[in-house]
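**Student:**
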Amino acid sequence: MKRMFELGAPESPFAKGVVRYSTTAGVTECQDAFKNILKCEGFDTSKLFVQVTDGGSAAMELLLLGVCGAAGTGDKPLMVIDPAYTNYISFAERIGRKIVTVSRDLNENGKFSLPELNKIEESIKEHNPGALLVIPYDNPTGQYFDFETLKELAKLCVKYNMWMVSDEAYRELFYDVNSKLVSIWGVTDAEVPGIEGRRISIETTSKVWNACGLRIGALITDSAEFNNRSVAEYTANLCANVIGQYIFGALAHQTKEEIAQWCTSIREYYKEQIFNVYNGLKKQEPGLIVSSPDASIYTVIDVRNVVKPGFNGIDFILYCAQEGSVNIDGVETTLLVAPMKGFYNVAKDAVNPGNTQFRISFVETPENMAKVPELFVKLLRQFEAQR
Numbered sequence: 001m002k003r004m005f006e007l008g009a010p011e012s013p014f015a016k017g018v019v020r021y022s023t024t025a026g027v028t029e030c031q032d033a034f035k036n037i038l039k040c041e042g043f044d045t046s047k048l049f050v051q052v053t054d055g056g057s058a059a060m061e062l063l064l065l066g067v068c069g070a071a072g073t074g075d076k077p078l079m080v081i082d083p084a085y086t087n088y089i090s091f092a093e094r095i096g097r098k099i100v101t102v103s104r105d106l107n108e109n110g111k112f113s114l115p116e117l118n119k120i121e122e123s124i125k126e127h128n129p130g131a132l133l134v135i136p137y138d139n140p141t142g143q144y145f146d147f148e149t150l151k152e153l154a155k156l157c158v159k160y161n162m163w164m165v166s167d168e169a170y171r172e173l174f175y176d177v178n179s180k181l182v183s184i185w186g187v188t189d190a191e192v193p194g195i196e197g198r199r200i201s202i203e204t205t206s207k208v209w210n211a212c213g214l215r216i217g218a219l220i221t222d223s224a225e226f227n228n229r230s231v232a233e234y235t236a237n238l239c240a241n242v243i244g245q246y247i248f249g250a251l252a253h254q255t256k257e258e259i260a261q262w263c264t265s266i267r268e269y270y271k272e273q274i275f276n277v278y279n280g281l282k283k284q285e286p287g288l289i290v291s292s293p294d295a296s297i298y299t300v301i302d303v304r305n306v307v308k309p310g311f312n313g314i315d316f317i318l319y320c321a322q323e324g325s326v327n328i329d330g331v332e333t334t335l336l337v338a339p340m341k342g343f344y345n346v347a348k349d350a351v352n353p354g355n356t357q358f359r360i361s362f363v364e365t366p367e368n369m370a371k372v373p374e375l376f377v378k379l380l381r382q383f384e385a386q387r
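Residue numbers (the UniProt record's numbering): 1 to 387.
#1: Buried or exposed, going by whether 16 or more other CB atoms sit within 10 Å of the CB of C212?
#2: Exposed or buried, what is N355 when buried is set at 16 or more other beta-carbons lying within 10 Å of its beta-carbon?
#3: Whole-angstrom Cβ separation of A218 and T86, contact assumed at under 8 Å?
#4: Using three-state DSSP, classify I314 as helix, strand or coil.
#5: Taking the Cβ atom as the reference point for each residue, do G142 and T23 lie within a distance shorter than 8 Å?
#6: Does residue 413 come out as helix, strand or coil in the three-state DSSP assignment?
#7: Where DSSP assigns a beta bridge to D105, which residues make up the other side?
#8: Just to confirm my understanding: we take K283, look at its own chain, exclude 5 residues before and 5 after, and list those with CB closer than 6 Å. What are they?
#9: Nearest to V67 by alpha carbon, out of V242, V182, L133 and E29?
#10: Can you check the region 221-246 for any alpha helix (DSSP H) of at least 4 residues that lies completely inside it and give the ranges in chain order?
#11: With a CB to CB cut of under 7 Å and the five nearest residues on each side skipped, what residues in its chain are close to N312?
#12: With distance defined between alpha-carbon atoms, name the residue in Y21, N276 and V165 nearest to L62.
#13: From L150, L117 and N210, pick the residue whose C-alpha is nearest to that of L181; which is it?
#14: Between E323, F358, F49 and K125, which has its C-alpha nearest A338's C-alpha?
#15: Take every Cβ of the region 167-180, pair it with every Cβ of the region 256-271, and state whether three or more of those distances are shorter than 8 Å.
#16: Mind checking whether M4 and I259 have CB atoms under 8 Å apart?
#17: Provide the residue span of the alpha helix (DSSP H) that contains Y88, from first to last.
#18: Closest by CA to P293, which one among N178, C30, G110 and V306?
#19: Measuring CA to CA, which of G72, I195, S103 and L106 is closest to R94?
#20: State the beta-bridge partners of I124 as determined by DSSP.
#21: Could you check how far apart the C-beta atoms of F43 and G197 are, in whole angstroms? I think they sit under 8 Å.
#22: M60 and A131: beta carbons closer than 8 Å?
#23: Got a sec? Which residues, its chain only, sit under 7 Å from P13 by beta carbon, not counting five neighbours each side?
#24: Quick one: which unbroken beta strand (DSSP E) runs of 3-plus residues sit fully inside the region 152-219? Chain order, please.
#25: Using the beta-carbon count (16 or more within 10 Å), is S113 buried or exposed?
#26: Just reading off the alpha helix (DSSP H) that L63 is part of, what are its end residues?
#27: Which term fits D82, buried or exposed, when burial requires 16 or more other beta carbons within 10 angstroms of its beta carbon?
#28: For Q382, list the residues DSSP reports as bridge partners.
#29: Could you have a look at V80 and say whether DSSP puts it in helix, strand or coil?
#30: Which term fits residue 391, buried or exposed, when burial requires 16 or more other beta carbons within 10 angstroms of its beta carbon?
#31: Going by CA-CA distance only, name the one from E285, I301 and I89 that's closest to S291.
#32: Which residues share a DSSP beta bridge with I289?
#33: I need the DSSP call for V372, collapsed to helix, strand or coil.
#34: F358 bridges to which residues according to DSSP?
#35: Grouping DSSP H, G and I as helix and E and B as strand, with all else coil, what is E148?
#36: When you compare the CB positions of A154 and I216, do they come within less than 8 Å of one another, or not?
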């Protein structure tokens with residue numbers, strides 16, 4: 001915070017009003033900030049290479065260029081687990097790369113079940129992906145991948161000579177008292193021989209560090225060759241936002257205790273809200289399927305058990321945006337949620353599970369998030385009554 005408010009201070013590199021380029025790989029201090037966070041979390045960073053990018057989004061696009069085959073060929077696609085974060089799909093389309101998916105299901109108890117390993121293996125044999133993407137603290141589902149799951153997926157990456165990519169934007173945001181901090185950087189040759197040298201993580205200042213608008217991310221790998229190629233590719237961008245790098249670079253000097261204190265506070269902040277919304281939705285409408293509040297900052301609601309046949313989630317969202325409202329504390333209020341339909345990659349003639357599913361993002365104030373259960377259920381009943 002101090003750096004952000006004192007950019008003109010004598011010790012600031014911007015004191016004279018000049019903002020110079022950094023190296024393409026990023027300012028060393030900013031690279032060290034990403035490493036320091038991992039080190040404070042208990043992971044070995046001695047063999048890691050950091051490419052600082054303009055947000056995690058730029059890191060995603062750079063990743064796709066590095067792990068997939070040539071544009072327009074469909075070779076070496078990125079394998080993701082449905083429902084998947086839509087930005088990967090969008091960026092792949094933008095640069096002519098291919099995404100293939102394996103599907104998980106939202107069960108009646110609110111738990112997402114990962115596909116069986118043999119199903120994933122069959123898909124790998126069919127599509128020959130260049131990499132497997134995991135999001136251990138998942139967007140959009142809020143699912144938490146435990147260490148054993150990461151290990152089993154890592155074994156497949158070694159067996160089929162794939163990169164293992166972990167999007168760790170929400171690392172530290174897990175809510176079950178029995179869960180432990182997990183990361184791709186905790187999966188080593190000691191647990192999965194051959195995994196080292198093929199690990200990549202997507203990092204960002206956005207979520208855990210409350211700095212979405214800073215637009216600083218990173219592509220971290222333990223492969224020197226991959227890092228060299230990513231830096232060469234990113235040269236066309238010149239460098240990431242230098243002011244953002246300077247501000248985030250302050251975390252290179254934080255202690256383990258300071259990092260842990262911040263992460264605990266942000267975890268508790270989201271945990272209270274997520275559990276309140278989860279319990280409120282189940283109380284307002286017991287027939288709703290609400291995803292288990294395990295990780296990240298998202299909840300998925302499935303209305304399949306409480307709506308009439310022919311329900312279309314996008315129509316409901318448009319109704320909320322254009323017509324629907326609920327009087328809360330004397331104010332006509334509505335709710336905007338994300339349709340899950342776009343998070344699934346299904347055949348054109350197949351039923352999309354996302355037709356009855358919605359993602360709630362915990363990005364509003366706690367006061368506004370507390371209104372979500374009543375708003376969602378009453379708006380849904382309004383919509384169904386006029387349909």
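Yeah, the Cβ is synthetic: ideal placement off N, Cα and C, and Gly gets one too.
**Tutor:** To lay it out plainly:
#1: Residue 212 sits at position 212 when you count from the first residue of the sequence shown. Result: exposed.
#2: Stepping through the sequence shown from its first residue, residue 355 is reached at position 355. When all chains shown are included, N355 counts as buried.
#3: Within the sequence shown, numbered from 1, the residue matching residue 218 stands at position 218. Within the sequence shown, numbered from 1, the residue matching residue 86 stands at position 86. About 21 Å separates the two Cβ atoms, so there is no contact after all.
#4: By one-based count along the sequence shown, residue 314 stands at place 314. Three-state DSSP puts I314 in a helix.
#5: For the purposes of this step, residue 142 is taken as residue 142 along the sequence shown, with counting starting at 1. For the purposes of this step, residue 23 is taken as residue 23 along the sequence shown, with counting starting at 1. Not a contact, by the Cβ cut-off of 8 Å.
#6: Since the first and last residues shown for the chain are 1 and 387, residue 413 lies out of range.
#7: Numbered from its first residue, the sequence shown carries residue 105 at position 105. According to DSSP, D105 bridges with S113.
#8: Counting from 1 along the sequence shown, the entry for residue 283 is found at position 283. Answer for K283: no residue qualifies.
#9: By 1-based counting over the sequence shown, the position of residue 67 is 67. Minimum Cα distance to V67 is reached at L133.
#10: For the region 221-246, whole alpha helix (DSSP H) runs of length 4 or above, ordered along the chain, are 224-234.
#11: Translated into positions along the sequence shown, residue 312 becomes position 312. Answer for N312: N355, listed in chain order.
#12: The sequence position of residue 62 within the sequence shown is 62, counting from 1. The shortest C-alpha separation from L62 is found at V165.
#13: Counted from its first residue, the sequence shown places residue 181 at position 181. It is L150.
#14: Within the sequence shown, residue 338 is the residue found at index 338, counting from 1. Ranked by how close their Cα comes to the Cα of A338, the residues E323, F358, F49 and K125 have F358 in first place.
#15: Segments in contact, yes.
#16: Here residue 4 refers to the residue found at position 4 when the sequence shown is read from its first residue. Here residue 259 refers to the residue found at position 259 when the sequence shown is read from its first residue. No Cβ-Cβ contact shorter than 8 Å links M4 with I259.
#17: Start at 1 with the first residue of the sequence shown, and residue 88 comes out as number 88. Taken as a continuous stretch (DSSP letters only), the alpha helix (DSSP H) holding Y88 covers T86 to R94.
#18: Residue mapping note: residue 293 aligns to position 293 of the sequence shown, counting from 1. It is G110 whose Cα lies nearest to the Cα of P293.
#19: Within the sequence shown, numbered from 1, the residue matching residue 94 stands at position 94. Ranking G72, I195, S103 and L106 by Cα distance to R94 puts G72 first.
#20: Translated into the one-based positions of the sequence shown, residue 124 becomes position 124. Answer by DSSP bridge pairing: none, since I124 is not bridged.
#21: By 1-based counting over the sequence shown, the position of residue 43 is 43. By 1-based counting over the sequence shown, the position of residue 197 is 197. Taking the Cβ atoms as the reference, F43 lies roughly 16 Å from G197, outside the contact range of under 8 Å.
#22: If you number the sequence shown from 1, residue 60 lands on position 60. If you number the sequence shown from 1, residue 131 lands on position 131. No. Outside cutoff.
#23: One-based indexing of the sequence shown puts residue 13 at position 13. Excluding positions up to five away in sequence, the list reads Y246.
#24: For the region 152-219, whole beta strand (DSSP E) runs of length 3 or above, ordered along the chain, are 163-167 and 199-204.
#25: Here residue 113 refers to the residue found at position 113 when the sequence shown is read from its first residue. When all chains shown are included, S113 counts as exposed.
#26: As a first step, residue 63 must be located in the sequence shown, where it is residue number 63. Membership of L63 in the alpha helix (DSSP H) is indicated by the continuous run G55 to V67.
#27: Within the sequence shown, the letter at position 82 stands for residue 82. Buried, since its Cβ has 16 or more Cβ neighbours within 10 Å.
#28: For the purposes of this step, residue 382 is taken as the residue at position 382 of the sequence shown. DSSP lists no partner for Q382.
#29: The sequence position of residue 80 within the sequence shown is 80, counting from 1. Look at V80 here: in three-state DSSP terms it is strand.
#30: In the structure as shown, the chain starts at 1 and stops at 387, and residue 391 therefore has no counterpart that could be examined.
#31: By 1-based counting over the sequence shown, the position of residue 291 is 291. Checking every option, the nearest Cα to that of S291 belongs to I301.
#32: Locating residue 289 in the sequence shown gives position 289, counting from the first residue. Beta-bridge partners assigned by DSSP to I289: D302.
#33: Working through the sequence shown from its first residue, we reach residue 372 at position 372. It is helical.
#34: In the sequence shown, residue 358 corresponds to position 358, counting from 1. According to DSSP, F358 bridges with I301 and P339.
#35: Here residue 148 refers to the residue found at position 148 of the sequence shown. Residue state, collapsed to three classes: helix.
#36: As a position in the sequence shown, residue 154 is number 154, starting the count at 1. As a position in the sequence shown, residue 216 is number 216, starting the count at 1. No, these two residues do not count as a Cβ contact at 8 Å.
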